[in-house]
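Chemist: Got a structure for you, questions after.
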Amino acid sequence: MASSTPVCSICDQNNITKPSMIWCFECDEGLCLECKGHHSLSKGTRKHTTVPTSEYQKLPCDIVKITQSCVKHNEKFNIYCKKHESLCCAICIVEKHLACRDFVKLADIIHNTKFANAFDEIEQSLAELTNNIQRIRNNRENNIKRLSKKRKQIKQDIEHTRITLNNHLDKIQAEILKKLNATEDTETKLIAKQLDLLKEVESELTEYRKNIQNIKQYATDLQKFISIKDLEKKVTRKDEFLMAVIETEKIKDLEMTYNANAAMQNVTNYIKNFGEIIIKTKPCDVILTRRKANQAQIMMPNISPKSVENIKVMLHKTINTMVNRTWGCCMLPDGRTAFADYLNKIVRIFKTDGSKDFDVSTATNPCDIAYNSEDKTLIVTSGQSDKQCITIIDIQNKQIKNEIPVDNKYYGLAVQDGKFICCAAGKGIHSINPNRNSRNDIVCDKIPKFCYVEAFGDMIFQTNNKLNSVICYDIQGSVQWSFKDESVLKGPIGISVDNDGNVYVVGKSSSNVVAISADGHQYKEILTANDGLLDPSSLHYNISSNQLLVANYEKNAMIFTFN
């Protein structure tokens with residue numbers, strides 16, 4: 001707000017300190033009650049706008065700093081430059097605005113400004129911004145909650161994995177121990193059977209030895225002879241039995257070993273962690289409500305359109321584009337030309353002498369093409385290609401800088417203030433902000449394929465090849481005028497606008513170029529088939545050189561100079 005109560009400027013010059021009661025904006029000073037009377041009666045100041053000082057003090061400080069005169073030149077502001085949106089005094093125009101064309105008398109613009117509507121729009125926009133901020137805040141807060149919830153879920157997953165792993169290890173440990181015990185038991189029983197058999201044989205041998213002692217003491221010689229023969233046979237059989245046991249590998253030393261699973265042995269080497277914690281990003285689902293761009297702009301006084309009757313052009317140069325299907329062209333500020341080779345998926349750039357400079361291959365069939373002065377790139381739409389995107393080409397490095405995925409089939413294209421204004425088949429006209437990755441729907445209409453667009457100031461011009469018409473919209477998407485005359489213009493495709501707001505449209509079916517006045521009331525056919533136009537598809541007006549580039553659908557293009 002304004003500072004403490006100012007003193008009366010007139011009294012202050014007489015070294016008298018009196019509080020001011022009113023404030024004169026044009027004099028930019030406060031006045032006491034006595035001086036107020038003189039001020040209101042004086043011929044030079046009686047029409048000045050004044051307000052009570054108490055009300056003046058309610059104004060924000062930045063508003064109070066706005067003066068009626070140019071601080072630099074001490075001249076009163078009397079002109080408004082629409083191009084730079086700045087107040088100008090006479091000296092400002094000479095020093096900084098000689099190249100500007102769009103001037104309005106400051107008194108006229110103030111008189112024609114609808115302040116109530118403008119402030120209402122701004123207040124609604126501010127309310128909308130506040131709501132959008134709240135939406136974003138809610139989104140961020142919900143994101144924090146989702147992260148916390150996900151952390152708990154991941155923690156549970158990790159703990160569950162550990163439990164599952166423990167259970168699995170316990171299970172396979174129990175299985176291997178069971179198998180260990182079973183193996184030992186089986187082999188022990190086998191050896192025990194062998195021991196029982198050997199014990200039985202050993203018992204028989206002991207019995208034989210006992211019998212030999214008795215035979216030696218008490219048997220007759222005949223009995224001794226017979227028993228020796230019998231014992232020899234028995235001993236031989238037992239010896240053969242033992243040899244058979246050894247030779248048939250029924251008796252072998254058993255060694256129990258353990259071959260550990262290699263994966264288990266190297267588990268500490270192969271498994272360094274439970275997993276990774278990864279943050280994935282994706283576009284947030286916040287839907288911002290947006291009033292149509294620049295709705296709160298001040299209404300400017302109407303400027304009478306210049307007549308198109310005096311427009312004349314002459315051929316300056318013909319370029320062999322080497323393109324069979326040209327749907328878009330443009331001239332760069334340095335005079336070079338660019339063409340979209342739809343069939344071969346190439347953007348071709350030619351030097352000022354008409355020779356080829358370089359080619360850039362694209363992933364899509366390039367449709368329309370426009371120059372973006374903000375970063376010196378070429379912007380290319382993809383038309384009805386399978387892959388839908390807007391391609392950005394770095395002219396200096398001669399390569400693709402970026403591809404912006406889109407979910408519409410964009411044909412015609414215009415670039416204004418870094419934003420891409422595109423014709424979407426079946427949808428209408430969209431404004432895309434590549435920096436914010438946002439889209440604003442300017443016109444909602446089921447327009448056909450191959451509709452083209454151009455922007456000039458706060459106006460947007462669109463061709464409709466099915467209706468053979470040209471439509472002018474304001475920035476809010478309201479129709480300002482429409483042009484249709486099938487005796488003059490058929491199959492309008494490419495469109496461009498000159499410095500005066502005159503609209504140039506190429507008629508593909510009528511093989512001509514028609515100039516339409518800024519208000520849509522006048523028109524003139526400025527180029528025909530006699531000038532080399534054969535199935536023309538696109539054109540572009542170069543503001544820098546005041547030239548018009550017209551491209552035929554096949555083979556060549558022409559540059560025309562305005563007389």
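Counting from 1, one number per residue, gives the positions in the sequence shown under full-length UniProt numbering.
For glycine and all other residues, C-beta sits at the position ideal for the given N, C-alpha and C.
All of these numbers come straight from a predicted model, not from anything done at the bench.
In the DSSP assignment, find the alpha helix (DSSP H) that holds Lys233 and state where it starts and stops.
Modeler: Asp221 to Glu247 is the span of the alpha helix (DSSP H), which, as asked, contains Lys233.
Chemist: Can you tell me which residues form a DSSP beta bridge with Asp474?
Modeler: According to DSSP, which records beta bridges pairwise, Asp474 is partnered with Met459.
Chemist: What did DSSP end up calling His111 once you bin it into helix, strand or coil?
Modeler: Helix at His111.
Chemist: Here's the rule I'm using: 16 or more other beta-carbon atoms within 10 Å means buried, otherwise exposed. How should Leu343 be labelled?
Modeler: Result: exposed.
Chemist: Going by DSSP in three states, Asp102 sits in which element: helix, strand or coil?
Modeler: Residue state, collapsed to three classes: coil.
Chemist: Short of 7 angstroms in beta carbon distance, which residues of its chain neighbour Lys446, apart from the five on each side in sequence? Order them along the chain.
Modeler: So the qualifying residues of the chain are Gly426.
Chemist: Looking only at C-alpha atoms, which of Ala99, Lys43, Ser227 and Gly412 sits nearest to Val453?
Modeler: For the residues Ala99, Lys43, Ser227 and Gly412, the minimum Cα distance to Val453 belongs to Gly412.
Chemist: Count the other C-beta atoms from every protein chain shown that fall within 10 angstroms of the C-beta of Tyr258, then say buried if there are 16 or more, exposed otherwise.
Modeler: Counting Cβ neighbours within 10 Å, Tyr258 comes out exposed, since fewer than 16 surround it.
Chemist: In terms of residue numbering, what span does the beta strand (DSSP E) encompassing Asn320 cover?
Modeler: Counting along the chain, the beta strand (DSSP E) containing Asn320 begins and ends at Val313 to Asn320.
Chemist: Cys451 to Asn397, Cα distance in whole Å?
Modeler: Rounded to whole angstroms, Cys451 to Asn397 spans 31 angstroms at the Cα level.
Chemist: Could you give the distance in angstroms between the alpha-carbon of Ile22 and the alpha-carbon of Tyr473?
Modeler: Those two C-alpha atoms are separated by around 45 angstroms.
Chemist: From the DSSP output, in three-state form, read off Ile447 for me.
Modeler: The answer is coil: DSSP assigns Ile447 none of H, G, I, E or B.
Chemist: Ordered along the chain, which non-local residues of its own chain (more than five positions away) have a Cβ less than 6 angstroms from that of Ile559?
Modeler: So the list reads His316, Lys317, Gln547 and Leu549, once near-sequence residues are dropped.
Chemist: When the Cα atoms are used, what is the spatial distance from Ala551 to Glu75?
Modeler: Each residue's Cα considered, the two are about 50 angstroms apart.
Chemist: Assuming contact is defined by CB atoms lying nearer than 8 angstroms, are Thr377 and Lys401 in contact in what I supplied?
Modeler: The answer is yes: Cβ separation under 8 angstroms.
Chemist: Give me the residue from Asp375, Phe350, Ile392 and Gly354 with the minimum Cα distance to Ala363.
Modeler: Nearest of Asp375, Phe350, Ile392 and Gly354 to Ala363, Cα basis: Ile392.
Chemist: Would you please state the rounded distance, in angstroms, between the beta carbons of Gly328 and Thr352? I believe it to be under 8 angstroms.
Modeler: Going by Cβ atoms, the distance from Gly328 to Thr352 rounds to 20 angstroms, so no, they are not a contact pair.
Chemist: In the structure shown, what three-state DSSP assignment does Arg151 receive?
Modeler: Reduced to three states, the DSSP call for Arg151 is helix.
Chemist: Only counting runs of 4 or more residues, tell me where the alpha helix (DSSP H) segments fall wholly within the stretch 43 to 76, in order along the chain.
Modeler: Runs of the alpha helix (DSSP H) inside the stretch 43 to 76: 53 to 56 and 61 to 64.
Chemist: Return the bridge partner residues of Phe420 from the DSSP annotation.
Modeler: Paired residues: Val415 and Ile432.
Chemist: Can you name the residues that DSSP bridges to Gln547?
Modeler: Per DSSP, Asn542 and Thr561.
Chemist: Output needed for Pro6: all residues of its chain with C-beta closer than 6 angstroms, excluding positions within five of it in sequence on either side, in chain order.
Modeler: Cβ within range, chain order: Ser20 and Gly30.
Chemist: Under the three-state reduction of DSSP, which class applies to residue 573: helix, strand or coil?
Modeler: Residue 573 is absent from the structure shown; the chain starts at 1 and stops at 563.
Chemist: Could you have a look at Cys330 and say whether DSSP puts it in helix, strand or coil?
Modeler: The answer is strand: DSSP assigns Cys330 an E or B state.
Chemist: Quick check on DSSP: helix, strand or coil for Ala370?
Modeler: Strand.
Chemist: I'd like to confirm the pairing. Which residues does DSSP put opposite Thr391 in its beta bridges?
Modeler: In the DSSP output, where bridge partners are listed per residue, Thr391 has Val380 and Glu403.
Chemist: In terms of alpha-carbon separation, which member of Asp394, Gly418, Lys419 and Ile432 lies closest to Val406?
Modeler: Residue Ile432 is the option with its Cα nearest to Val406.
Chemist: With a threshold of 8 angstroms, are at least 3 pairs of Cβ atoms found where one atom belongs to the stretch 40 to 49 and the other to the stretch 65 to 81?
Modeler: Segments in contact, no.
Chemist: By a C-beta neighbour count over all protein chains shown, 10 Å radius and 16 as the cutoff for buried, is Gly418 buried or exposed?
Modeler: Its Cβ having fewer than 16 others within 10 Å, Gly418 is exposed.
Chemist: Pull up the CB-CB distance for Asn324 and Glu554, whole angstroms please, since I reckon it's below 8 angstroms.
Modeler: The pair is a contact, with the Cβ atoms about 5 angstroms apart (cut-off 8 angstroms).
Chemist: When DSSP labels each residue in this structure, what does Thr281 get in the three-state scheme?
Modeler: Looking at Thr281 - three-state DSSP - the assignment turns out to be coil, as it is neither helix nor strand.
Chemist: Can you give the beta carbon distance from Cys89 to Phe77, rounded, assuming they're within the 8 angstroms contact cut?
Modeler: Cys89 to Phe77, Cβ: 6 angstroms. Contact.
Chemist: When DSSP labels each residue in this structure, what does Lys356 get in the three-state scheme?
Modeler: It is a strand residue.
Chemist: Give me the Cα-Cα distance between Arg151 and Asn167, rounded to the nearest whole angstrom.
Modeler: Distance between the alpha carbons of Arg151 and Asn167: 24 angstroms.
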